Amino acid sequence: MDYTLLFIQTLNGVQLGLLLFLVASGLTLVFGILDFVNLAHGSIYMIGAFVCASLTYWSGNFLIAVVLSLPVMAVLGYLIERVIARRLYARDHLDHVLGTFGLILVMDTSAHLIWGPEGIAVPLPDWLNGQVTLFADVVVPSFRLLIIATGLTIAAGLFWLVNYTRLGMLIRAGASNRTMVAALGIDIKTLFSLVFALGAVLAGLAGMLVAPITEASISMGGEIIITAFVVIIVGGIGSMKGAFIAALMIGLIDTLGRSFLGDIFQLFMSQDAAETSAPAISAMLIYIIMAAVLAVRPQGLFPPKVR
Amino acid sequence: MGRLGKAGWVTLIVMLALLILPPVLLWSGNEFYLLLATRLVILAIAAVSLNLILGYGGMVSFGHAAFIGIGAYAMGIPVYHEFYGGLPGVASTNGFFQLALAVGLSALFALITGAISLRTKGVYFLMITMAFGQMVFFLFQSLSEYGGDDGLVIEQRSELPLVSFDNPLSLYLTSYAVLVAVMLLVWLIVNSRFGMVLRGAKGNDQRLITLGYNTYLYRLTAYVIAGVIAGVAGFLMANFASFISPDMMGWSRSGELMFMVILGGAASVIGPVLGAAAFVVIQEVLSSWTVYWHLPFGIMLILIVLYGRGGVMGIISGRGSAHRRPDE
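Those sequence lines, one after another, are chains L and R. Heads up, the first sequence is in the numbering used here, so the first residue is 94 and it goes up one at a time. Heads up, the second sequence is in the numbering used here, so the first residue is -14 and it goes up one at a time.
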């Protein structure tokens, strides 16, 4: 066993998990309080990456671009909520899915029109582009450490926001009984817009963080949304804690599965068989995990309290 | 009402038009329209099967295209091995063998994923079927022997007695016959005692359970039937396109199938056929105007969801309503 590789891949898994958490937290927040299924959440993530890429070239600095992109994402989320999502809250989930499916087509094609079919690479400032030697021969890119630090900070911030602030109290109250919250004189519509915008900012931030590694591309939204769904299904839809734990779990399983499943399979099957089956199984691994979790706990690992 | 209601007349007219128009257009030298009609009919088969579980059973499945993919690969993989060797047990160009494989694998996949997904309801069911659909997508994408992401050109169409799929008209008429058979089957199912339970469980699951019905088993059976029919559609689709790729079963394909069902009007047998027709025509018209046809298509979809009422059949029968939640 190559322990250096294992350590680096574990770090990569944590990084993927935290990015997934940024996307899934918005998804689960919007679902938890608004009971709204937003398929277009992945496209918001994609738009975040492109906006950040453009602003990086305009301003010449990645970090300035991120700071400037965040309000853009908030406005985008707010607009989507006001123009489309708000009209669908009273409908059933089927209408949410179809409406936001249409929204995906609109956003993806718009991105194609604005930024062209090719992906856009996002350059990093020099001090972020280097490598950090953690210990002995373990060297990791410093930007990946920044992603992990940002992800953990945001997770802690969300935990504080939801559990210890007045806004968080309203969010939790709205999730359990929105009619009652409205009856107590809270402007529930503004609260909903705020939650939706917050979700868009979180997804957009994830897109911005991933763009320097993979470059901004149109297909990235569709790729992450399904994994984000798997995360919130496993964690329990509407649960922030569930989203965090499941995101890390899925991130680690996916990353480690892809790099080590072949080696593990070779322990008990021929090299040929291992080399053909490992990629197929590792591509399906997170779905198999999801199926296993659901077979035991149909409502996910941490289902939120029943409303 | 006479023996034939409004829906009956619509069904009769649409199905007669589909029987007569494409061959006539072919003979007048427009083969393009026959090919368009073939795609329409094959998509309609899949949409009718989705409607059995979505419209009648209330199971909002977002992974239905996976069955089309399974059916298509069940047709393409035996042909691949027939031409390039390997897996002698599977290699075949025999249509019956491929069809049996398509049916068997779709049924197995529907049974396993249905048994797990149907333990949940509503939005959980929706996301889980979507995830299982993506699982199949990634599985075929990772199989580099069958072309991976790029897909696989099928060297030879299925061999069946009496009909030759190399003849476009034969393939069309066969697909048409399958569509008619599937519509008849779905009509018989929903009007049978089994269908009554299925529809009753959609309206009030608790009441049906109290009456002693195991609604889970009824749903699972319907789910497997729908999966098998979509698998057959996939078998036909592979023969039609002579090409298979993971793109056939991506989640946007599942979304398009859902769109057909809703656009045409769920919970009527002819609705999904109208929806498939509308989808194919809209796609054809828009994509002839612009390569960015997804943009107007997406806007249209949003407008239909916001303002449409019960789809085309809802407009025809004049009793459409938006999908309001029963519980609020």
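Just so you know, even glycine gets a beta-carbon here, dropped at the ideal spot from N, CA and C. Here the structure is a predicted model, which means the values were calculated and not measured.
Sort out for me which residues DSSP pairs T226 of chain L with in a bridge. Beta bridge pairing from DSSP links T226 of chain L with L:V232.
For chain L, is any of its Cβ atoms less than 9 Å away from the one on G283 of chain R? Chain L, which has a Cβ nearer than 9 Å to the Cβ of G283 of chain R, makes this yes.
Relative to the C-alpha of Y380 of chain L, which residue among R:S149, R:G14, R:T114 and R:A29 is closest? R:T114
Which residues in chain L sit within 8 Å of A116 of chain R, going by Cβ to Cβ distance? I319, F322, V323, I326, Y380 and M383
Check whether the segment 136 to 154 of chain L touches the segment 287 to 303 of chain L, counting contact only when three or more Cβ pairs, one atom from each stretch, lie closer than 8 Å. yes
Go to W172 of chain R, then tell me how far its alpha helix (DSSP H) extends in each direction, as first and last residue. Unbroken alpha helix (DSSP H) run through W172 of chain R: P153 to V175.
Identity of the residue in R:L72, R:M168 and R:F150 nearest G(-7) of chain R by Cα: Looking from the CA of G(-7) of chain R, the closest CA among R:L72, R:M168 and R:F150 belongs to R:M168.
DSSP state of F52 of chain R mapped onto helix, strand, coil: helix
Within 10 Å of its beta-carbon, does T(-4) of chain R have 16 or more other beta-carbons around it, so buried, or fewer, so exposed? Buried, since its Cβ has 16 or more Cβ neighbours within 10 Å.
In this structure, what does DSSP give as the bridge partners for F228 of chain R? R:V138
Tell me which residues of the segment 182 to 199 of chain L have at least one Cβ-Cβ distance to chain R shorter than 8 Å, keeping chain order. A183, R184, D185, H186, L187, D188, V190, L191, G192, F194, G195, L196, I197, L198 and V199
What's the call for Y292 of chain R, buried or exposed, on a 16-neighbour Cβ count within 10 Å? With fewer than 16 other beta carbons inside 10 angstroms of its own, Y292 of chain R counts as exposed.
From this set, R:G212, R:L96, R:A116 and R:G99, which residue's C-alpha is nearest E316 of chain L's C-alpha? R:A116
Buried or exposed for G250 of chain R, going by 16 or more other Cβ atoms inside 10 Å? buried
Roughly how many whole angstroms lie between the Cα atoms of R180 of chain L and V108 of chain R? 18 Å
Can you tell me whether M0 of chain R is helix, strand or coil according to DSSP? helix
How should V274 of chain L be labelled, buried or exposed, when 16 other C-beta atoms within 10 angstroms of its C-beta is the threshold for buried? V274 of chain L should be labelled buried.
Residue-chain proximity (H279 of chain R, chain L), Cβ-Cβ < 9 Å: yes
Look at the Cβ atom of C145 of chain L, then the Cβ atom of M342 of chain L, and state whether they are nearer than 9 Å. One thing to note: C145 of chain L has its Cβ no nearer than 9 Å to the Cβ of M342 of chain L.
Can you tell me whether Q126 of chain R is buried or exposed, with buried defined as 16 or more other CB within 10 angstroms of its CB? buried
If you draw a straight line from the alpha carbon of I338 of chain L to that of Q392 of chain L, how long is it in whole angstroms? Cα to Cα, I338 of chain L sits roughly 15 Å from Q392 of chain L.
State the Cα-Cα distance for the pair V233 of chain L and P396 of chain L, rounded to the nearest angstrom. 36 Å
If you draw a straight line from the alpha carbon of Y117 of chain L to that of V265 of chain R, how long is it in whole angstroms? According to the sequence displayed, residue 117 of chain L carries Ala and not Tyr. If you take the alpha carbons of A117 of chain L and V265 of chain R, they lie about 34 Å apart.
When DSSP labels each residue in this structure, what does S310 of chain L get in the three-state scheme? coil
Chain L partners of G240 of chain R, CB-CB under 7 Å? F194
Excluding sequence positions up to five away, which residues of its chain have a Cβ less than 7 Å from the Cβ of T97 of chain L? Closer than 7 Å at Cβ, skipping near neighbours: D230 and V231.
My understanding is that I38 of chain R touches V217 of chain R, with C-beta atoms under 8 Å, so please give their C-beta distance in whole angstroms. With a Cβ gap of about 16 Å, I38 of chain R and V217 of chain R do not count as contacting.
Secondary structure, alpha helix (DSSP H): runs of 4+ residues fully inside the segment 187 to 268 of chain R: Here the runs fully enclosed are 190 to 195, 200 to 226 and 236 to 249.
Exposure of Q364 of chain L, with buried meaning 16 or more beta-carbon neighbours within 10 Å: Label assigned to Q364 of chain L: exposed.
What are the boundary residues of the alpha helix (DSSP H) that F155 of chain L is part of? Element bounds for F155 of chain L: F155 to I173.
Identify the residues that DSSP records as bridge partners of I213 of chain L: which are they? L:A309
Would the segment 0 to 17 of chain R and the segment 220 to 239 of chain R be scored as touching if the rule is three or more Cβ pairs under 8 Å? Look at the beta carbons and you see the segment 0 to 17 of chain R not touching the segment 220 to 239 of chain R: under three pairs across the two are nearer than 8 Å.
Is it true that the CB of F123 of chain R sits closer than 9 Å to the CB of M262 of chain L? The answer is no: Cβ separation not under 9 Å.
Return yes when the Cβ of S160 of chain R is within less than 9 Å of the Cβ of L221 of chain R, no when it is not. yes
Could you check which residue in R:V246, R:I267 and R:Y65 has the C-alpha nearest to that of P257 of chain R? Checking every option, the nearest Cα to that of P257 of chain R belongs to R:V246.
Less than 6 Å between C-beta atoms, sequence neighbours within five positions excluded: which residues of the same chain meet that for G(-10) of chain R? none
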